[in-house]
Amino acid sequence: MTELRPAATSVSAARRRTVLDALRRGAVPESGLDLLATGLDRYEAALGAELDAVASGASVFKAVRGEYGSGKTFFTRWLGERAKRRGLAVAEIQISETETPLHRLEAVYRRLTERLATASFPPSALRPVVDAWFYALEEDALAAGADETDLPDEVEKLLTARLAEVSRHAPSFATALRGYRSALTEGDEATAAAVLAWLGGQPHVAAAARRSAGVRGDLDHFGAFGFLQGLLTVLRDSGHRGLFVVLDEVETLQRVRSDARDKALNALRQLIDEVHSGRFPGLYLVITGTPAFYDGPQGVQRLAPLAQRLATDFTTDPRFDNPRAVQVRLPGFTQDSLVGLGVTIRDLYAQGAVAPDRVKSLADDAYVADLARAVGGALGGKAGVAPRLFLKKLVGDVLDRVDQFEDFDPRQHYRLTVTSGELTDVERNLATADDIDLDI
68 MTELRPAATS VSAARRRTVL DALRRGAVPE SGLDLLATGL DRYEAALGAE
118 LDAVASGASV FKAVRGEYGS GKTFFTRWLG ERAKRRGLAV AEIQISETET
168 PLHRLEAVYR RLTERLATAS FPPSALRPVV DAWFYALEED ALAAGADETD
218 LPDEVEKLLT ARLAEVSRHA PSFATALRGY RSALTEGDEA TAAAVLAWLG
268 GQPHVAAAAR RSAGVRGDLD HFGAFGFLQG LLTVLRDSGH RGLFVVLDEV
318 ETLQRVRSDA RDKALNALRQ LIDEVHSGRF PGLYLVITGT PAFYDGPQGV
368 QRLAPLAQRL ATDFTTDPRF DNPRAVQVRL PGFTQDSLVG LGVTIRDLYA
418 QGAVAPDRVK SLADDAYVAD LARAVGGALG GKAGVAPRLF LKKLVGDVLD
468 RVDQFEDFDP RQHYRLTVTS GELTDVERNL ATADDIDLDI
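For what it's worth, my numbering labels the leading residue of the sequence shown as 68, then goes sequentially.
Structure follows, in structure tokens:
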């Protein structure tokens, strides 16, 4: 995200509030990202074509590289919004050694179902998707001539037929779906919910519920592939054209034990191979990481087959980077693009402000530039690391006060402070002082 445009003049209050509330918290907005970025237009045609291919049954893997602050999360959420517009479901997963270790794909699948979202349903959308699938099976059976008496048997035949390929690798997926539907038919909501939780990869489901559904144990690493395949089938048949999945912050693998790291890298290699083999039609899988993860000795380069699969030439001028390549590079922020971002946010804020003229006057372009410079200075002079903290300060410390207090002048009454407690680990390592004066 390197260039920005003025915010659209007709933005709903809800969309504007969603964006500004996230920035005020120091977070990337979950939606409304099209209000902020235009520097991504160089990727739009190529990635849009890939999304269209996935919506037609293809599968795509993409690796996104960028330094901290370059906008990797922004980029993937921006792409996810476009996926939703094409009818795909979306899931964003944070890779973590303690919560979601990549070498345990059953944990990744569990997080996927927990974070599953569609254009109509927020996370977790697993139950609405499964319910919609059974409704679609019933409609198809009725359309084929079934009546109310033989409808259950006809739905069972359709279920078996459509999950035939999945059942070759993970027969318990179809078994659990049957158990879920049976529990609903009997009015046993507790058992239905428990079986659906097991289907979503949750561990420690009550033994009675598992026995009722005819399944055993918990999902394991290898079973996760079959369950993902089953989920894609259910999504497609329930009206969704595919699934867009982000594995974010994969670079955290560099900080784990060497044995766990090697297992995780191999799991990633397996996952990429399965995507490229065509096993997961309708899947668009994205990973994000820093250049050190892709190029350094503690990341991808530890596993030669994985390094070969992700190899991309970045020795040429960044202007000629190929967005169709398996790996794409985000150039990050410069001081000018950081200021442009601030001006865009200021204008978006003013559209819904109590005192829009005062906001634009007291937080004018020159002031926004000074604030961006000061925040970057507090973080070691690196503008590329500053966006999160800069926007948090701009919205929460400056614009909110200008809008609410008639006599507040940020040049007179605001002194930028950056305390250790409000910084991420990367920002904290770059900070040069706990308190920085805004000299303007």
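Ideal Cβ placement from N, Cα and C applies to all residues, glycine included.
Owing to the predicted nature of the structure, the values given are computational and were not obtained by experimental measurement.
Determine the extent of the alpha helix (DSSP H) in which residue i is found, giving its start and end residues.
i, result
"residue 315", "Not the alpha helix (DSSP H): residue 315 falls in the beta strand (DSSP E), residues 309 to 315."
"residue 202", "193 to 210"
"residue 175", "172 to 182"
"residue 481", "No alpha helix (DSSP H) holds residue 481; DSSP gives it neither H nor E."
"residue 242", "238 to 252"
"residue 227", "218 to 229"
"residue 89", "80 to 91"
"residue 376", "371 to 377"
"residue 469", "467 to 471"
"residue 322", "That residue, residue 322, is in no alpha helix (DSSP H); it is neither H nor E in DSSP."
"residue 259", "256 to 266"
Measure the alpha-carbon distance for residue i versus residue j and round it to whole angstroms.
i, j, result
"residue 210", "residue 227", "18 angstroms"
"residue 249", "residue 259", "8 angstroms"
"residue 134", "residue 141", "13 angstroms"
"residue 222", "residue 214", "11 angstroms"
"residue 504", "residue 364", "Annotation note: pLDDT 46 at residue 504 (below 50); position unreliable, coordinate value reported separately. Near 40 angstroms, if we compare the C-alpha coordinates of residue 364 and residue 504."
"residue 464", "residue 316", "29 angstroms"
"residue 273", "residue 419", "50 angstroms"
"residue 131", "residue 444", "27 angstroms"
"residue 434", "residue 117", "41 angstroms"
"residue 172", "residue 293", "11 angstroms"
"residue 336", "residue 351", "16 angstroms"
"residue 182", "residue 159", "6 angstroms"
"residue 125", "residue 426", "48 angstroms"
"residue 218", "residue 180", "29 angstroms"
"residue 381", "residue 207", "50 angstroms"
"residue 267", "residue 137", "33 angstroms"
"residue 129", "residue 397", "13 angstroms"
"residue 115", "residue 279", "44 angstroms"
"residue 374", "residue 263", "37 angstroms"
"residue 486", "residue 296", "47 angstroms"
"residue 143", "residue 453", "19 angstroms"
"residue 192", "residue 256", "17 angstroms"
"residue 265", "residue 290", "12 angstroms"
"residue 358", "residue 122", "30 angstroms"
"residue 393", "residue 383", "16 angstroms"
"residue 401", "residue 436", "12 angstroms"
"residue 314", "residue 353", "6 angstroms"
"residue 245", "residue 277", "12 angstroms"
"residue 252", "residue 287", "29 angstroms"
"residue 367", "residue 212", "54 angstroms"
Taking the beta carbon of residue i as the centre, do at least 16 other beta carbons fall within 10 Å, making it buried, or is it exposed?
i, result
"residue 177", "buried"
"residue 506", "Note that residue 506 scores a pLDDT of 49, beneath 50, so its modelled location is shaky and nothing firm can be said."
"residue 271", "exposed"
"residue 488", "exposed"
"residue 492", "exposed"
"residue 479", "exposed"
"residue 411", "buried"
"residue 387", "exposed"
"residue 421", "exposed"
"residue 407", "buried"
"residue 238", "exposed"
"residue 216", "exposed"
"residue 361", "buried"
"residue 74", "In this predicted model, residue 74 has a pLDDT of only 42, less than 50, meaning its place in the structure is not dependable enough to derive any value."
"residue 79", "exposed"
"residue 355", "buried"
"residue 300", "buried"
"residue 81", "exposed"
"residue 168", "buried"
"residue 474", "exposed"
"residue 202", "exposed"
The beta strand (DSSP E) spanning residue i covers which residue range?
i, result
"residue 161", "155 to 161"
"residue 110", "No beta strand (DSSP E) holds residue 110; the alpha helix (DSSP H) holding it covers 108 to 122."
"residue 335", "Unbroken run through residue 335 is the alpha helix (DSSP H), 325 to 344; no beta strand (DSSP E)."
"residue 280", "Premise fails: residue 280 lies in the alpha helix (DSSP H), 274 to 280, not in any beta strand (DSSP E)."
"residue 355", "350 to 356"
"residue 152", "Where residue 152 is concerned, there is no enclosing beta strand (DSSP E), although the alpha helix (DSSP H) it sits in stretches over 139 to 152."
"residue 127", "127 to 132"
At least three beta-carbon pairs within less than 8 angstroms, the stretch 145 to 153 to the stretch 89 to 104 = yes
If you pair each beta-carbon of the stretch 427 to 434 with each one of the stretch 457 to 475, do three or more pairs fall below 8 angstroms?
-> yes
In chain order, which continuous runs of the beta strand (DSSP E) of length 3 or greater are located wholly inside the stretch 383 to 431?
-> 394 to 396
Cβ contact (3+ pairs, closer than 8 angstroms) linking the stretch 330 to 338 and the stretch 105 to 120 = no
Does the pairing of the stretch 311 to 328 with the stretch 158 to 175 give three or more beta-carbon distances under 8 angstroms?
-> Cβ pair count under 8 angstroms is three or more, so yes.
Sufficient close CB pairs (3 or more, under 8 angstroms) joining the stretch 81 to 95 to the stretch 297 to 307 | no
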